[in-house]
Amino acid sequence: MEQIPLPERSYREINENRRRLLRLAYSSYPEYVYCPREQYGWDDPEGRANIFDLYYLHDRGCVEVMNGGADSRRRPDFFILTPHGADLVEIPGNLDKILPLED
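Written out as structure tokens, the structure is:
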């Protein structure tokens, strides 16, 4: 498999995408968010960035990611908000502290 690199992104762009994913999980709760391969795939830079950011949020405890083991790389199938992720969105100032938009 060819390794697709992460796209060059500014700190602001990275945190904007992470905020977008977190808000998507928040607006969908208590349902899972489906991860279509077109948006969460290893074969294009934007999909790779979404995978990277989603697993970052997972490792921070903001979302829980469910993935299948069908191929050799981790690819998310679904994700859902955690209580910590809800606190980031709901408590004023938390999102700016953890995912600031200043470069």
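Just so you know, we're using the working numbering here: the sequence shown kicks off at 59 and counts up by one. Each residue gets a CB set at the ideal place from its N, CA and C atoms; glycine is no exception.
**Request:** For Arg-133, count neighbouring C-beta atoms within 10 Å of its own C-beta (all shown protein chains included) and say buried if the count is 16 or more, exposed if not.
**Result:** Arg-133 is buried by the Cβ-count criterion.
**Prompt:** DSSP on Tyr-87, reduced to helix/strand/coil?
**Reply:** The answer is coil: DSSP assigns Tyr-87 none of H, G, I, E or B.
**Request:** Answer with buried or exposed for Asp-154, where buried requires no fewer than 16 other C-beta atoms within 10 angstroms of its C-beta.
**Result:** By the 10 Å Cβ count, Asp-154 comes out exposed.
**Asked** Closest by CA to Gln-97, which one among Asp-117, Arg-81, Leu-112?
**Response** For Gln-97, the closest of Asp-117, Arg-81, Leu-112 by C-alpha to C-alpha distance is Leu-112.
**Request:** State buried or exposed for Arg-70, treating a residue as buried only when at least 16 other CB atoms are found within 10 Å of its CB.
**Result:** By the beta-carbon neighbour count (other beta carbons within 10 angstroms, threshold 16), Arg-70 is exposed.
**Asked** Which residues in the same chain have their Cβ closer than 7 Å to the Cβ of Ala-107, if we skip the five residues on either side of it in sequence?
**Response** In its chain, beyond the 5 residues on either side, Leu-64, Pro-65, Arg-67, Asn-75 have a beta carbon closer than 7 Å to the beta carbon of Ala-107.
**Request:** Determine the DSSP secondary structure at Ile-138, reduced to helix, strand or coil.
**Result:** It is a strand residue.
**Message:** Give me the DSSP bridge partner(s) of Tyr-92.
**Reply:** Answer is Phe-136.
**Prompt:** Just how far apart, CA to CA, sit Pro-115 and Ser-85?
**Reply:** The sequence as given places Leu at residue 115; Pro does not occur at that position. Cα to Cα, the separation comes out at about 16 Å.
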